[in-house]
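Below is one structure, written out as structure tokens; the observations come after it.
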Amino acid sequence: MKDKLVDLDAAVDLVGSGDTLTFSGVSMVRKPMAFIAKLIQSGKKDFTIVDREPGMDFDILIAAGCVKCARAAMVGFELFGLAPNVRRAVQEGEIQFIEETCGAVVNGLRAGAMGLPFLPVKGIIGTDLVELHEKLGNWKIINDPFGGGEIVAVKAIVPDVAVIHVQKADRCGNASLEGSRFEDVYKAKAAKKLIITAEEIVPTDYFKENPEKNTIPYCYTTAVVHVPKGAYPTACPNYYPPDYEEVLRYLKMCREGKVKEYIDEFIRRW
Amino acid sequence: MKDKLVDLDAAVDLVGSGDTLTFSGVSMVRKPMAFIAKLIQSGKKDFTIVDREPGMDFDILIAAGCVKCARAAMVGFELFGLAPNVRRAVQEGEIQFIEETCGAVVNGLRAGAMGLPFLPVKGIIGTDLVELHEKLGNWKIINDPFGGGEIVAVKAIVPDVAVIHVQKADRCGNASLEGSRFEDVYKAKAAKKLIITAEEIVPTDYFKENPEKNTIPYCYTTAVVHVPKGAYPTACPNYYPPDYEEVLRYLKMCREGKVKEYIDEFIRRW
Amino acid sequence: MHPADVMIKVMASQIKDGEVFLHGLASPMPALAMFLAKLTHAPNMVYLAVAEGIDPDPEKFKLYPSSADPRHAAGCIGIGELAEAFDLAAKGKVDGMFLGGAQIDKHANINLTCIGSYDKPKVKLPGGAAAAYLSPIVKKLILWTTNHSKRTFVEKLDFKTGIGYEKGKDKKVVVVSNMAVFEAEESGLRLISVHPGFSIDDVLSEMSFEPIIDGYATTQPPSDEEMKIIQKLDPENVRYLEFKK
Amino acid sequence: MHPADVMIKVMASQIKDGEVFLHGLASPMPALAMFLAKLTHAPNMVYLAVAEGIDPDPEKFKLYPSSADPRHAAGCIGIGELAEAFDLAAKGKVDGMFLGGAQIDKHANINLTCIGSYDKPKVKLPGGAAAAYLSPIVKKLILWTTNHSKRTFVEKLDFKTGIGYEKGKDKKVVVVSNMAVFEAEESGLRLISVHPGFSIDDVLSEMSFEPIIDGYATTQPPSDEEMKIIQKLDPENVRYLEFKK
Chain B
303 MKDKLVDLDA AVDLVGSGDT LTFSGVSMVR KPMAFIAKLI QSGKKDFTIV DREPGMDFDI
363 LIAAGCVKCA RAAMVGFELF GLAPNVRRAV QEGEIQFIEE TCGAVVNGLR AGAMGLPFLP
423 VKGIIGTDLV ELHEKLGNWK IINDPFGGGE IVAVKAIVPD VAVIHVQKAD RCGNASLEGS
483 RFEDVYKAKA AKKLIITAEE IVPTDYFKEN PEKNTIPYCY TTAVVHVPKG AYPTACPNYY
543 PPDYEEVLRY LKMCREGKVK EYIDEFIRRW
Chain P
303 MKDKLVDLDA AVDLVGSGDT LTFSGVSMVR KPMAFIAKLI QSGKKDFTIV DREPGMDFDI
363 LIAAGCVKCA RAAMVGFELF GLAPNVRRAV QEGEIQFIEE TCGAVVNGLR AGAMGLPFLP
423 VKGIIGTDLV ELHEKLGNWK IINDPFGGGE IVAVKAIVPD VAVIHVQKAD RCGNASLEGS
483 RFEDVYKAKA AKKLIITAEE IVPTDYFKEN PEKNTIPYCY TTAVVHVPKG AYPTACPNYY
543 PPDYEEVLRY LKMCREGKVK EYIDEFIRRW
Chain R
12 MHPADVMIKV MASQIKDGEV FLHGLASPMP ALAMFLAKLT HAPNMVYLAV AEGIDPDPEK
72 FKLYPSSADP RHAAGCIGIG ELAEAFDLAA KGKVDGMFLG GAQIDKHANI NLTCIGSYDK
132 PKVKLPGGAA AAYLSPIVKK LILWTTNHSK RTFVEKLDFK TGIGYEKGKD KKVVVVSNMA
192 VFEAEESGLR LISVHPGFSI DDVLSEMSFE PIIDGYATTQ PPSDEEMKII QKLDPENVRY
252 LEFKK
Chain S
12 MHPADVMIKV MASQIKDGEV FLHGLASPMP ALAMFLAKLT HAPNMVYLAV AEGIDPDPEK
72 FKLYPSSADP RHAAGCIGIG ELAEAFDLAA KGKVDGMFLG GAQIDKHANI NLTCIGSYDK
132 PKVKLPGGAA AAYLSPIVKK LILWTTNHSK RTFVEKLDFK TGIGYEKGKD KKVVVVSNMA
192 VFEAEESGLR LISVHPGFSI DDVLSEMSFE PIIDGYATTQ PPSDEEMKII QKLDPENVRY
252 LEFKK
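Protein chains in written order, with our numbering: chain B, 303 to 572; chain P, 303 to 572; chain R, 12 to 256; chain S, 12 to 256.
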């Protein structure tokens, strides 16, 4: 096992403009916000971003003008309302938005993780999403070869880079997700490059003593970054809850046309 | 959560003659031997048994005349040699044997666990296994709908009953696999009925304090049985290693034509 | 009584003991309904949620604005990846799911995607989440809206994100608004009950289509005991936030 | 020197630093070869195995008769389900796999299924395990046999369980017998080296087909240092059991 510990800037160097990216977490939980801040700062852009149910990660990247295409089953701030920058960018035709449905994006990521060209997925047929995705080449209605009738096949999602914020990792890239995992293990295994950002760097002995806690073994990992509070203001289970006040402050600043100010501050946070 | 703790006989009552069964473990590790003993004693038969790489579990069930069809990628005793009763029964045409390959049986079980009619699986094309399985309707060569060429589709494997021996379970059927899991989580989730046999019955608080250790939550479980040494003479990681001497004694008795004697003793062991 | 509490009681009453229910993001009322059911008539309900705790401990629960808040999993007996809930649904083992609906038609089909056209939306909504995937495969679909209005109950959806009534399927579709309860059947949306404090005229004047009316009840509000449970689970009244928009 | 130790050394030498290798059941020599490589020239090799421990600690390792023995995972840094190794292979990320072969033809295709016909076998063999799945998708396939004989090196397989040489693929197929080492190429099996203690006649007289011979070496046996490593990993000589049949 080699040492893969780098700083945020070196990790950002692994990303290229135009890459397809996916991030850990959902909504206000375990989003790799520190990495996203540095990514915005790097000036790279034209990303395609894909996720199940993102939130501020997508919204702020879009606000910063880094995104060409966003693909997700839902993006928003739940009870706090719509994602203001996603909404604006889509309504103004600034970015392409591909609406997913959870089961399909999950199975697309699982296909990527399993090294399969596609996975079938139930449901969906009869909704207006089918036509949209068939046109884009993401889905195709096929016949179950064993006589079960029509079913949607979803093409494997293989992001160029997955950025996964975890609670604990060692310097070699063994990583431990505590509590909710969402699709993060699949994302990590599907992506061509995997960047782990971690609240804590633990000795490798931590994993030798608890091999079951090694949810993402080092052989998947390209780089590890030590970033305490790296998911802030979203939550990191066992470390800190979402900072709802901070999320509300972001939304307020967006509404007041001060998103650039927020981004400047956000970039300087790490 | 309801109390699902029963004794071995009540668990065996959940199985019907002619059922398709799958068992936990591989080779000489975590095979539900106690359950199999009671299953033999029950006089039920005509089972189809399916697994990746079983060993003594398949051999003794076949020796006892309980099996109509066996499906596995490999059955044997590794360095100790061929499975004597499987070999004899197949060579004499007493049972049907369907040779699997690991990737396909794993993805068939995963399709079952995921509620999908089939999964694609790479490799395989070009071997003589394809014709065999296409004839049986287990596999079909299809075209990747996204242009990746031919690929094998493996039909979901949905056993009537999975019997999974675990280290720890509570009375409600939450179960913890420690160390190697093999395909046991997929088997548990694919099967119509799930019987857990456990070395130890722990209070539900064990899982509340360690939710990540709950590898098979209670909502899958039909019945739980407390069976210390329930995998003997195969291993149960963290509890006991394989008893190689006992396995060799079984093989010796088989070679000496004394398998019925061994079975009588085996049934009385629990 | 706040309509949220009436809605929670209606949602809870859809859950039978032993059933498997799931809620997603932005779902404070479904979360409270699932706990209310578990603490009253459905102690053996299986609780699956976007925060991925299986059967969180109601004693340790407090409602926060994000349904995925990790504290919502407190005292759970296992981690249930949402992918696992989706697999259960694919096997027909998720009995019920709660979904919102920005637009709902008379067949209880829903739009959560966009107002206007998909390509050039007037309003880009948050998106359907699991609606397209789960709506055709669960046995009970419970749709809710806090905005009982002609803009919600529409003649024609701008986009069909989720599927409501399906003939011949073992599937029940219930619509719970802030004014009334409906159930979808072949010929349309049947009015089941009107919430206390609302008249039939309130309900009908705010819909773009006619529901089927053939006798209807007054919606049963939560009892004092049930209100205590709801208030204990949500002492800061997060559940009312959804109504402020 | 026991041929097992020569074979282990040959197998180890196929592993480059940083590569991902996998072994399955009934694989004592591959297990020892993987450790030998890790402890000598390939410290960063990724060790995946049927016992599901990722990178078990060689200091804690002792070889037992079942390759799945849980003690073989001692000191590992994670649990790697075999399914996960298969997924890695599907992504082209498993560099090498070891497989046995009851019959091997000149293209290094193998039979692990049956002697005689599939439907009425003269001998029902243990089965191909992962051979059909992995043999077409790994980059290095290392076949081994402890029974260098005409019954093993056959003109025609009774059943094609695994695929050897494949034209145009980034795939190396090495065959390691108890007498010699071969590598598959388009026109057949090329003899690479003959083990110390065997002659070229020993090798050829026990094959049903002619390998390609165009100069060959003597197989490099393990050094004293390497023998110490092997003996420390396998103090009870479990690796020789395979030769007793």
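All C-beta atoms in this analysis are idealised placements derived from N, C-alpha and C, irrespective of residue type, glycine included.
Computed from a predicted model, the values in this text were never measured in an experiment.
- As a beta-bridge residue in DSSP terms, R373(B) pairs with V352(B) and I400(B).
- Residues are counted here when their Cβ sits less than 7 Å from a Cβ of chain P; for the stretch 159 to 186 of chain S these are F170, K171, T172, G173 and I174, given in chain order.
- Within the model, the alpha-carbon separation for I211(S) versus E166(S) is close to 19 Å.
- Taking a C-beta cut-off of 8 Å against chain R, the contacting residues of the stretch 411 to 439 of chain B are R412, V423, K424, G425, I426, I427, G428, T429, D430, L431 and L434, listed in chain order.
- Taking a contact as a CB-CB distance under 8 Å, the pair Y552(B) and M358(B) counts as one, their CB atoms being some 7 Å apart.
- By alpha-carbon distance to K178(R), the top candidate from P147(R), L99(R) and T156(R) is P147(R).
- When the Cα atoms are used, K531(B) and E501(B) turn out to be separated by approximately 6 Å.
- Within the model, the alpha-carbon separation for V526(P) versus F337(P) is close to 11 Å.
- Taking a 10 Å sphere around the C-beta of R557(P), we find fewer than 16 other C-beta atoms and assign the residue as exposed.
- Secondary structure in the stretch 382 to 431 of chain P: the beta strand (DSSP E) runs of 3 residues or longer, each lying completely within the stretch, are 398 to 401 and 420 to 423 in chain order.
- Residue-level contact by beta carbon fails for V61(S) and chain B, as no gap is shorter than 8 Å.
- Per DSSP, the unbroken alpha helix (DSSP H) holding K554(B) starts and ends at Y546 to R557.
- With a minimum length of 4 residues, the unbroken runs of alpha helix (DSSP H) contained wholly in the stretch 429 to 474 of chain B fall at 431 to 438.
- In this structure, V192(R) is the residue among L136(R), L202(R), V192(R) and I224(R) with its C-alpha nearest to the C-alpha of S24(R).
- The DSSP assignment places complete alpha helix (DSSP H) segments of no fewer than 4 residues inside the stretch 475 to 539 of chain P at 486 to 492 and 507 to 511, in order along the chain.
- Here K133(S) carries a strand assignment [DSSP, helix/strand/coil].
- For F193(S), the enclosing beta strand (DSSP E) has its first and last residue at A191 to E196.
- Among the CB atoms of chain P, none fall inside 8 Å of the CB of A228(R).
- When C-beta distances to chain R are compared with 7 Å, the residues of the stretch 496 to 519 of chain P below that value are T506, F509, K510, P513, E514, N516 and P519, in chain order.
- Along the stretch 521 to 543 of chain P, the positions whose C-beta sits under 7 Å from a C-beta of chain S are A537, P539 and P543, read in chain order.
- For Y144(S), the enclosing alpha helix (DSSP H) covers residues A142 to L145.
- Within chain P, the C-beta atoms nearer than 9 Å to that of V57(R) come from M303, P519, Y520 and C521, in chain order.
- E92(R) and E514(P) have their C-alpha atoms some 11 Å from each other.
- Under DSSP, F109(R) shares a beta bridge with I153(R).
- When beta bridges are read from the DSSP output, L316(P) appears opposite no residue.
- For the 8 Å CB-CB criterion, G127(R) and T156(R) do not form a contact.
- DSSP, read as helix, strand or coil, puts L74(S) in coil.
- Rounded to the nearest angstrom, the Cβ distance from G425(B) to A143(R) is 7 Å, consistent with a contact under 8 Å.
- According to the DSSP assignment, I224(S) belongs to no beta strand (DSSP E), since it is labelled neither H nor E.
- Annotation for G86(R): P67, D68 and K71 place their beta carbon closer than 6 Å to its own, counting only its chain and skipping 5 residues before and after.
- Here the alpha carbon of E221(R) sits roughly 13 Å from the alpha carbon of A195(R).
- Distance between Y508(P) and K27(R), taken at the CA atoms: about 28 Å.
- Of the residues F360(B), E433(B) and R473(B), the one whose Cα lies closest to the Cα of V454(B) is E433(B).
- Judged by DSSP in its simplified three-state form, S128(R) adopts coil rather than helix or strand.
- A Cβ-Cβ separation of about 12 Å leaves T499(B) out of contact with V463(B) under the 8 Å criterion.
- If you look at K49(R), you'll find it in the alpha helix (DSSP H) that goes P39 to L50.
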